[in-house]
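> Residues in the sequence shown are numbered from 26 upward in steps of one, following this note's numbering. So that we are looking at the same thing, I have put the structure below in C-alpha coordinates.
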Amino acid sequence: MSEKVKFEQRDTLKEKPEGNLGFGQYFTDYMLSVDYDEEKGGWQELKIIPYAPFEISPAAQSLHYGQAVFEGLKAYKHNGEVVLFRPDQNFKRINDSLARLEMPKVDEELLLDGLKQLVDIERDWVPEGEGQSLYIRPFVFATEGILGVRASKKYKLLIILSPSGAYYGGDTLKSTKIYVEDEYVRAVRGGVGFAKVAGNYAASLLAQTNANNLGYDQVLWLDGVEQKYVEEVGSMNIFFVENGKLVTPALNGSILPGITRKSIIELAKELGYEVEERKVSIDELFEAYDKGELTEVFGSGTAAVISPVGTLKYEDREIVINNNEPGEITKKLYDTYIGIQSGKLEDKHGWRVIVPEYK
(Lines of atoms letter the chains of each structure in order from A; the text may use other names.)
(Lines give C-alpha, C1' and ligand atoms only; values in the text may rest on other atoms or scores of the structure.)
Protein backbone atom coordinates (compact mmCIF):
# COMPACT_ATOMS: atom_id res chain seq x y z
CA MET A 26 0.00 0.00 0.00
CA SER A 27 1.21 3.50 -0.75
CA GLU A 28 2.17 6.10 1.82
CA LYS A 29 -0.47 7.38 4.18
CA VAL A 30 -1.51 10.97 3.61
CA LYS A 31 -1.02 13.24 6.63
CA PHE A 32 -4.36 13.48 8.46
CA GLU A 33 -5.60 16.32 10.68
CA GLN A 34 -8.55 15.27 12.86
CA ARG A 35 -11.35 17.76 13.40
CA ASP A 36 -12.83 18.24 16.88
CA THR A 37 -16.45 17.42 16.02
CA LEU A 38 -18.04 15.82 12.99
CA LYS A 39 -20.97 17.33 11.12
CA GLU A 40 -24.47 15.92 11.11
CA LYS A 41 -25.12 14.21 7.80
CA PRO A 42 -27.98 15.60 5.70
CA GLU A 43 -31.23 13.72 5.24
CA GLY A 44 -33.93 13.94 2.60
CA ASN A 45 -33.36 15.71 -0.71
CA LEU A 46 -29.63 16.24 -1.14
CA GLY A 47 -29.79 18.40 -4.25
CA PHE A 48 -26.44 19.11 -5.91
CA GLY A 49 -23.43 20.75 -4.29
CA GLN A 50 -25.31 21.96 -1.23
CA TYR A 51 -23.61 19.89 1.49
CA PHE A 52 -19.95 19.18 2.12
CA THR A 53 -18.20 16.45 4.06
CA ASP A 54 -15.99 16.83 7.13
CA TYR A 55 -12.64 16.77 5.35
CA MET A 56 -10.87 17.85 2.18
CA LEU A 57 -7.56 16.98 0.58
CA SER A 58 -5.07 19.84 0.30
CA VAL A 59 -1.64 20.22 -1.27
CA ASP A 60 0.37 23.37 -1.97
CA TYR A 61 2.81 24.12 -4.76
CA ASP A 62 5.77 26.42 -4.18
CA GLU A 63 8.35 26.77 -6.92
CA GLU A 64 11.03 27.92 -4.46
CA LYS A 65 10.46 24.84 -2.27
CA GLY A 66 10.79 22.41 -5.15
CA GLY A 67 7.24 22.10 -6.41
CA TRP A 68 4.31 20.18 -4.98
CA GLN A 69 4.50 19.66 -1.22
CA GLU A 70 3.01 17.05 1.12
CA LEU A 71 -0.57 15.88 0.62
CA LYS A 72 -2.79 16.52 3.64
CA ILE A 73 -6.33 15.61 4.61
CA ILE A 74 -7.63 18.49 6.70
CA PRO A 75 -11.00 19.68 8.06
CA TYR A 76 -13.26 21.27 5.45
CA ALA A 77 -13.15 24.98 6.31
CA PRO A 78 -12.59 28.43 4.83
CA PHE A 79 -8.99 29.50 4.29
CA GLU A 80 -7.05 32.71 3.76
CA ILE A 81 -5.89 33.86 0.34
CA SER A 82 -4.02 36.99 -0.72
CA PRO A 83 -6.21 39.71 -2.28
CA ALA A 84 -3.52 39.84 -4.98
CA ALA A 85 -3.67 36.10 -5.74
CA GLN A 86 -3.30 35.67 -9.47
CA SER A 87 -6.27 33.32 -9.76
CA LEU A 88 -8.52 36.19 -8.62
CA HIS A 89 -7.14 38.60 -11.21
CA TYR A 90 -6.00 36.56 -14.20
CA GLY A 91 -8.03 33.37 -13.92
CA GLN A 92 -5.38 30.71 -13.40
CA ALA A 93 -7.88 28.12 -12.14
CA VAL A 94 -8.94 24.67 -13.38
CA PHE A 95 -11.20 21.98 -11.97
CA GLU A 96 -12.56 18.47 -12.45
CA GLY A 97 -15.70 16.58 -11.50
CA LEU A 98 -16.22 12.89 -10.76
CA LYS A 99 -18.27 10.71 -8.41
CA ALA A 100 -18.04 7.94 -5.85
CA TYR A 101 -20.85 5.38 -5.55
CA LYS A 102 -21.83 2.83 -2.93
CA HIS A 103 -22.97 -0.62 -4.05
CA ASN A 104 -23.30 -3.71 -1.85
CA GLY A 105 -21.21 -2.03 0.84
CA GLU A 106 -18.37 -1.14 -1.53
CA VAL A 107 -17.41 2.43 -2.40
CA VAL A 108 -16.43 2.75 -6.04
CA LEU A 109 -14.90 5.45 -8.26
CA PHE A 110 -15.56 5.46 -12.01
CA ARG A 111 -12.58 5.99 -14.36
CA PRO A 112 -10.83 8.44 -11.99
CA ASP A 113 -7.55 8.09 -13.88
CA GLN A 114 -9.16 9.89 -16.81
CA ASN A 115 -10.05 12.88 -14.64
CA PHE A 116 -6.50 13.29 -13.39
CA LYS A 117 -5.15 12.95 -16.91
CA ARG A 118 -7.53 15.67 -18.06
CA ILE A 119 -6.72 18.00 -15.17
CA ASN A 120 -3.07 17.79 -16.22
CA ASP A 121 -4.04 18.74 -19.78
CA SER A 122 -5.94 21.73 -18.38
CA LEU A 123 -3.05 22.71 -16.11
CA ALA A 124 -0.59 22.60 -18.98
CA ARG A 125 -2.79 24.91 -21.08
CA LEU A 126 -2.80 27.58 -18.34
CA GLU A 127 0.95 27.24 -17.68
CA MET A 128 0.29 25.64 -14.30
CA PRO A 129 2.37 22.79 -12.84
CA LYS A 130 1.15 19.26 -13.53
CA VAL A 131 0.30 16.90 -10.69
CA ASP A 132 1.42 13.34 -10.01
CA GLU A 133 -1.70 11.53 -11.23
CA GLU A 134 -1.02 8.28 -9.36
CA LEU A 135 -0.17 10.02 -6.08
CA LEU A 136 -3.23 12.24 -6.30
CA LEU A 137 -5.52 9.30 -7.05
CA ASP A 138 -4.17 7.49 -4.01
CA GLY A 139 -4.77 10.59 -1.88
CA LEU A 140 -8.33 10.77 -3.20
CA LYS A 141 -8.95 7.13 -2.28
CA GLN A 142 -7.77 7.80 1.27
CA LEU A 143 -10.00 10.87 1.53
CA VAL A 144 -13.06 9.00 0.24
CA ASP A 145 -12.31 6.10 2.59
CA ILE A 146 -12.35 8.47 5.57
CA GLU A 147 -15.65 9.90 4.30
CA ARG A 148 -17.23 6.62 3.16
CA ASP A 149 -20.18 7.13 5.54
CA TRP A 150 -21.02 10.24 3.52
CA VAL A 151 -21.52 8.25 0.30
CA PRO A 152 -25.30 7.99 -0.13
CA GLU A 153 -26.82 4.68 -1.15
CA GLY A 154 -30.10 5.80 -2.71
CA GLU A 155 -30.95 5.21 -6.37
CA GLY A 156 -29.07 7.73 -8.48
CA GLN A 157 -27.27 9.25 -5.49
CA SER A 158 -23.50 9.68 -5.25
CA LEU A 159 -20.66 11.50 -3.56
CA TYR A 160 -19.64 14.25 -5.97
CA ILE A 161 -15.89 14.89 -6.03
CA ARG A 162 -14.50 18.29 -7.01
CA PRO A 163 -10.71 18.59 -7.48
CA PHE A 164 -9.53 22.11 -8.34
CA VAL A 165 -6.27 24.03 -8.62
CA PHE A 166 -5.79 27.79 -8.44
CA ALA A 167 -2.92 30.28 -8.32
CA THR A 168 -2.18 31.75 -4.88
CA GLU A 169 0.88 33.95 -5.35
CA GLY A 170 0.10 37.53 -4.38
CA ILE A 171 1.57 39.60 -7.19
CA LEU A 172 -0.11 41.74 -9.84
CA GLY A 173 2.38 41.12 -12.63
CA VAL A 174 0.83 39.27 -15.56
CA ARG A 175 2.81 36.03 -15.54
CA ALA A 176 2.38 32.45 -14.40
CA SER A 177 2.12 32.15 -10.63
CA LYS A 178 4.89 30.46 -8.67
CA LYS A 179 2.49 29.25 -5.96
CA TYR A 180 -0.69 27.16 -6.24
CA LYS A 181 -3.13 25.27 -4.09
CA LEU A 182 -4.93 22.04 -5.00
CA LEU A 183 -8.01 21.03 -3.06
CA ILE A 184 -10.43 18.13 -3.37
CA ILE A 185 -13.80 18.66 -1.72
CA LEU A 186 -16.68 16.17 -1.50
CA SER A 187 -20.43 16.73 -1.68
CA PRO A 188 -23.17 14.09 -1.22
CA SER A 189 -25.60 14.64 -4.07
CA GLY A 190 -29.03 13.41 -5.07
CA ALA A 191 -30.23 11.93 -8.33
CA TYR A 192 -29.85 14.47 -11.13
CA TYR A 193 -33.48 14.07 -12.24
CA GLY A 194 -34.99 13.59 -8.80
CA GLY A 195 -37.58 10.84 -9.16
CA ASP A 196 -37.54 10.93 -12.96
CA THR A 197 -34.86 8.58 -14.29
CA LEU A 198 -34.53 10.15 -17.75
CA LYS A 199 -36.20 13.54 -18.01
CA SER A 200 -36.05 15.27 -21.40
CA THR A 201 -34.53 18.75 -21.48
CA LYS A 202 -35.18 21.85 -23.57
CA ILE A 203 -32.13 23.22 -25.37
CA TYR A 204 -31.61 26.69 -26.85
CA VAL A 205 -29.10 26.98 -29.71
CA GLU A 206 -26.96 30.05 -29.01
CA ASP A 207 -26.28 32.08 -32.17
CA GLU A 208 -24.92 35.32 -30.69
CA TYR A 209 -22.29 34.41 -28.11
CA VAL A 210 -19.63 31.72 -28.51
CA ARG A 211 -18.08 29.44 -25.91
CA ALA A 212 -14.63 28.83 -27.40
CA VAL A 213 -12.45 28.94 -30.50
CA ARG A 214 -9.78 26.54 -31.69
CA GLY A 215 -6.42 27.45 -30.25
CA GLY A 216 -8.10 28.74 -27.11
CA VAL A 217 -9.06 26.90 -23.93
CA GLY A 218 -12.27 25.17 -25.00
CA PHE A 219 -10.77 21.69 -24.56
CA ALA A 220 -9.67 22.47 -20.99
CA LYS A 221 -11.81 22.46 -17.84
CA VAL A 222 -10.96 26.06 -17.05
CA ALA A 223 -13.01 28.10 -14.60
CA GLY A 224 -13.33 31.04 -16.98
CA ASN A 225 -15.04 28.93 -19.64
CA TYR A 226 -17.98 28.49 -17.31
CA ALA A 227 -18.07 32.13 -16.22
CA ALA A 228 -18.25 33.18 -19.88
CA SER A 229 -21.23 30.88 -20.46
CA LEU A 230 -23.43 32.30 -17.70
CA LEU A 231 -24.99 35.21 -19.61
CA ALA A 232 -26.17 32.97 -22.45
CA GLN A 233 -27.33 30.36 -19.93
CA THR A 234 -29.37 32.94 -18.01
CA ASN A 235 -30.91 34.25 -21.23
CA ALA A 236 -31.89 30.71 -22.24
CA ASN A 237 -33.37 30.01 -18.80
CA ASN A 238 -35.42 33.20 -18.99
CA LEU A 239 -36.88 31.96 -22.27
CA GLY A 240 -37.86 28.65 -20.68
CA TYR A 241 -34.94 26.48 -21.81
CA ASP A 242 -32.71 24.31 -19.63
CA GLN A 243 -29.35 24.63 -21.33
CA VAL A 244 -27.48 26.23 -24.22
CA LEU A 245 -26.14 24.41 -27.26
CA TRP A 246 -23.01 26.17 -28.45
CA LEU A 247 -21.98 26.58 -32.09
CA ASP A 248 -18.40 26.96 -33.31
CA GLY A 249 -16.67 30.27 -32.71
CA VAL A 250 -15.67 30.96 -36.33
CA GLU A 251 -18.69 30.37 -38.57
CA GLN A 252 -21.31 29.83 -35.84
CA LYS A 253 -22.53 26.99 -37.98
CA TYR A 254 -21.20 23.76 -36.51
CA VAL A 255 -22.50 22.19 -33.30
CA GLU A 256 -19.94 21.87 -30.49
CA GLU A 257 -21.35 21.09 -27.03
CA VAL A 258 -24.03 21.92 -24.47
CA GLY A 259 -23.20 24.07 -21.45
CA SER A 260 -22.25 21.18 -19.17
CA MET A 261 -22.39 18.23 -21.56
CA ASN A 262 -21.19 16.80 -24.83
CA ILE A 263 -23.93 16.20 -27.40
CA PHE A 264 -25.03 13.15 -29.42
CA PHE A 265 -27.54 12.69 -32.25
CA VAL A 266 -29.16 9.58 -33.68
CA GLU A 267 -29.38 10.22 -37.41
CA ASN A 268 -30.44 7.47 -39.81
CA GLY A 269 -29.83 4.96 -37.02
CA LYS A 270 -26.22 6.12 -36.57
CA LEU A 271 -24.86 7.71 -33.41
CA VAL A 272 -23.27 11.02 -34.42
CA THR A 273 -21.27 13.39 -32.22
CA PRO A 274 -19.06 16.40 -33.02
CA ALA A 275 -15.41 15.43 -33.44
CA LEU A 276 -13.00 16.81 -30.86
CA ASN A 277 -11.35 19.82 -32.44
CA GLY A 278 -9.59 21.71 -29.66
CA SER A 279 -12.60 23.81 -28.68
CA ILE A 280 -14.75 20.95 -27.37
CA LEU A 281 -14.24 19.44 -23.92
CA PRO A 282 -13.09 15.80 -24.25
CA GLY A 283 -15.73 14.39 -21.93
CA ILE A 284 -14.98 11.18 -20.04
CA THR A 285 -18.65 10.19 -20.20
CA ARG A 286 -18.55 10.96 -23.93
CA LYS A 287 -15.55 8.69 -24.37
CA SER A 288 -17.22 5.89 -22.40
CA ILE A 289 -20.48 6.15 -24.34
CA ILE A 290 -18.67 5.94 -27.68
CA GLU A 291 -16.85 2.80 -26.53
CA LEU A 292 -20.06 1.21 -25.23
CA ALA A 293 -22.06 2.14 -28.33
CA LYS A 294 -19.55 0.42 -30.60
CA GLU A 295 -19.61 -2.69 -28.41
CA LEU A 296 -23.41 -2.74 -28.58
CA GLY A 297 -23.20 -2.75 -32.37
CA TYR A 298 -24.14 0.85 -33.11
CA GLU A 299 -22.35 2.70 -35.88
CA VAL A 300 -20.64 5.78 -34.43
CA GLU A 301 -19.51 8.84 -36.38
CA GLU A 302 -17.30 11.56 -34.90
CA ARG A 303 -17.39 14.44 -37.37
CA LYS A 304 -18.43 18.03 -38.01
CA VAL A 305 -22.18 18.46 -37.60
CA SER A 306 -23.86 21.65 -38.80
CA ILE A 307 -27.01 22.97 -37.17
CA ASP A 308 -28.65 23.15 -40.62
CA GLU A 309 -27.95 19.44 -41.15
CA LEU A 310 -29.81 18.59 -37.96
CA PHE A 311 -32.93 20.54 -38.87
CA GLU A 312 -32.90 19.12 -42.41
CA ALA A 313 -32.55 15.60 -40.98
CA TYR A 314 -35.46 16.32 -38.64
CA ASP A 315 -37.64 17.43 -41.57
CA LYS A 316 -36.84 14.18 -43.39
CA GLY A 317 -37.65 12.10 -40.32
CA GLU A 318 -34.01 11.04 -40.00
CA LEU A 319 -33.18 12.77 -36.68
CA THR A 320 -34.81 10.48 -34.14
CA GLU A 321 -32.90 11.05 -30.87
CA VAL A 322 -30.72 13.70 -29.24
CA PHE A 323 -28.99 13.46 -25.86
CA GLY A 324 -26.24 15.09 -23.85
CA SER A 325 -23.59 13.31 -21.79
CA GLY A 326 -21.71 14.39 -18.70
CA THR A 327 -20.71 13.48 -15.15
CA ALA A 328 -23.75 15.03 -13.47
CA ALA A 329 -26.57 13.40 -15.45
CA VAL A 330 -24.61 10.69 -17.32
CA ILE A 331 -27.14 10.91 -20.18
CA SER A 332 -29.69 13.69 -20.58
CA PRO A 333 -32.28 13.25 -23.37
CA VAL A 334 -33.07 16.37 -25.39
CA GLY A 335 -36.78 16.72 -26.13
CA THR A 336 -36.87 20.24 -27.55
CA LEU A 337 -34.35 22.12 -29.71
CA LYS A 338 -34.80 25.85 -30.46
CA TYR A 339 -32.78 27.63 -33.15
CA GLU A 340 -33.54 31.11 -34.45
CA ASP A 341 -37.30 31.23 -35.12
CA ARG A 342 -37.87 27.48 -35.13
CA GLU A 343 -38.46 24.93 -32.36
CA ILE A 344 -38.55 21.18 -32.92
CA VAL A 345 -39.72 18.39 -30.61
CA ILE A 346 -37.69 15.19 -30.83
CA ASN A 347 -39.26 11.74 -30.36
CA ASN A 348 -42.41 13.22 -28.79
CA ASN A 349 -40.27 14.61 -25.97
CA GLU A 350 -39.39 11.09 -24.82
CA PRO A 351 -35.97 9.37 -24.54
CA GLY A 352 -35.32 7.12 -27.53
CA GLU A 353 -34.42 3.44 -27.57
CA ILE A 354 -30.70 3.99 -28.20
CA THR A 355 -30.57 6.66 -25.49
CA LYS A 356 -32.21 4.32 -22.98
CA LYS A 357 -30.01 1.37 -23.94
CA LEU A 358 -26.80 3.37 -23.52
CA TYR A 359 -28.01 4.85 -20.23
CA ASP A 360 -28.98 1.46 -18.81
CA THR A 361 -25.66 -0.08 -19.89
CA TYR A 362 -23.57 2.76 -18.50
CA ILE A 363 -25.44 2.88 -15.18
CA GLY A 364 -25.37 -0.92 -14.98
CA ILE A 365 -21.58 -1.00 -15.21
CA GLN A 366 -21.20 1.97 -12.89
CA SER A 367 -23.40 0.42 -10.21
CA GLY A 368 -21.91 -3.07 -10.50
CA LYS A 369 -25.12 -4.63 -11.81
CA LEU A 370 -23.45 -5.36 -15.16
CA GLU A 371 -20.01 -6.85 -15.74
CA ASP A 372 -17.19 -4.31 -15.92
CA LYS A 373 -15.14 -5.68 -18.80
CA HIS A 374 -13.03 -2.52 -19.03
CA GLY A 375 -11.85 -2.16 -15.44
CA TRP A 376 -13.53 1.24 -15.17
CA ARG A 377 -14.78 0.69 -11.61
CA VAL A 378 -12.10 1.42 -9.00
CA ILE A 379 -12.90 0.10 -5.52
CA VAL A 380 -11.86 2.38 -2.66
CA PRO A 381 -9.86 0.27 -0.15
CA GLU A 382 -10.48 0.41 3.58
CA TYR A 383 -7.18 1.80 4.88
CA LYS A 384 -6.38 0.56 8.37
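Even glycine gets a Cβ: it sits at the ideal position worked out from N, Cα and C. Note that the structure is predicted; figures quoted are calculated from it, not measured.
Could you check what DSSP says for TRP376 in three-state terms: helix, strand or coil?
In the structure shown, TRP376 sits in coil (DSSP, three-state: anything other than H, G, I, E or B).
> Note down, one range per segment and in chain order, each alpha helix (DSSP H) of at least 4 residues found wholly within the segment 214–252.
Counting only runs of 4 or more, we get 223–238.
> Use the C-beta contact count for LYS141: other C-beta atoms within 10 angstroms, 16 or more gives buried, fewer gives exposed.
LYS141 is buried by the Cβ-count criterion.
> Can you grab the Cα-Cα spacing for the pair LEU46 / VAL222, in whole Å?
Taking the straight line joining both Cα atoms gives about 26 Å.
> How is THR465 classed by DSSP in three states: helix, strand or coil?
There is no way to answer for residue 465, as the model of the chain reaches only from 26 to 384.
> To the nearest angstrom, report how far apart LEU276 and ILE263 are at their CA atoms.
Distance between the alpha carbons of LEU276 and ILE263 is about 11 Å.
> Tell me which residues share the same chain as SER306 and place their Cβ nearer than 8 Å to its Cβ, disregarding the 5 neighbours each side in the sequence.
Only LYS253, TYR254 and VAL255 meet the Cβ criterion.
> Since ILE203 contacts THR355 with CB under 8 Å, what's their CB separation in whole angstroms?
Rounded, the Cβ-Cβ distance is 14 Å, inconsistent with contact.
> Using the DSSP secondary-structure output, state which residues sit across from GLU106 in a beta bridge.
Answer is HIS103.
> Where does PRO112 fall in DSSP's three states?
Helix at PRO112.
> What residue from LYS102, VAL345 and GLY49 has the CA that sits closest to GLY154's CA?
Taking only the C-alpha atoms, the option nearest GLY154 is LYS102.
> Following the continuous beta strand (DSSP E) through ALA313, name the residue where it begins and the one where it ends.
From DSSP, ALA313 is part of no beta strand (DSSP E) but of the alpha helix (DSSP H) over 307–315.
> If I measure Cβ to Cβ from LYS117 and keep anything under 8 Å in the same chain, skipping five residues before and after, which residues do I get?
Contacts found: GLU133.
> List the DSSP bridge partners of ARG35.
For ARG35, which the question treats as bridged, DSSP gives no partner whatsoever.
> Let me confirm a value: PHE219 is counted as buried when at least 16 other C-beta atoms fall within 10 Å, else exposed. Which label applies?
Its Cβ being crowded by 16 or more others within 10 Å, PHE219 is buried.
> Taking DSSP as the reference, what is the three-state secondary structure of LEU183?
Strand, per DSSP.
> Kindly list the residues whose CB is nearer than 7 Å to the CB of LYS294, restricted to its own chain and excluding five residues on each side of it in sequence; keep chain order.
Contacts found: VAL300.
> So what does DSSP say about ARG286, is it helix, strand or coil?
Helix.
> Find out if the Cβ-Cβ distance for the pair PHE110, LEU98 is shorter than 8 Å.
Yes, these two residues count as a Cβ contact at 8 Å.
> Please go through the same chain and pick out, in chain order, the residues whose beta-carbon is closer than 7 Å to the beta-carbon of GLU267, but skip the five residues on each side of it.
Closer than 7 Å at the Cβ level, and outside the excluded window around GLU267, lie ALA313, GLU318 and LEU319.
> Within the continuous beta strand (DSSP E) that includes ILE263, where are the two ends?
Taken as a continuous stretch (DSSP letters only), the beta strand (DSSP E) holding ILE263 covers 262–267.
> Buried or exposed: where does ILE331 fall if 16 or more other Cβ atoms within 10 Å of its Cβ makes it buried?
Label assigned to ILE331: buried.
> Could you tell me the distance, in whole angstroms, from the CA atom of TYR160 to the CA atom of GLU321?
Going by the C-alpha atoms only, they are around 28 Å apart.
> Assign THR273 to buried or exposed, taking buried as 16 or more other Cβ atoms, counted over all protein chains shown, within 10 Å of its Cβ.
Buried is the call here.
> According to DSSP, is GLU318 helix, strand or coil?
Three-state result, GLU318: coil.
> Hey, how far is the Cα of GLY364 from the Cα of LYS179?
Those two C-alpha atoms are separated by around 42 Å.
> Could you give the DSSP three-state label for VAL258: helix, strand or coil?
Three-state result, VAL258: strand.
> What is the rounded straight-line gap between the Cα of GLN92 and the Cα of PRO112?
Approximately 23 Å, taken between the alpha carbons.
> Classify PRO333: buried if its beta carbon has 16 or more other beta carbons within 10 angstroms, exposed otherwise.
It counts as buried.
> Assuming SER260 contacts GLY173 (C-beta within less than 8 Å), just tell me the rounded distance between them.
Not confirmed; about 34 Å, so no contact.
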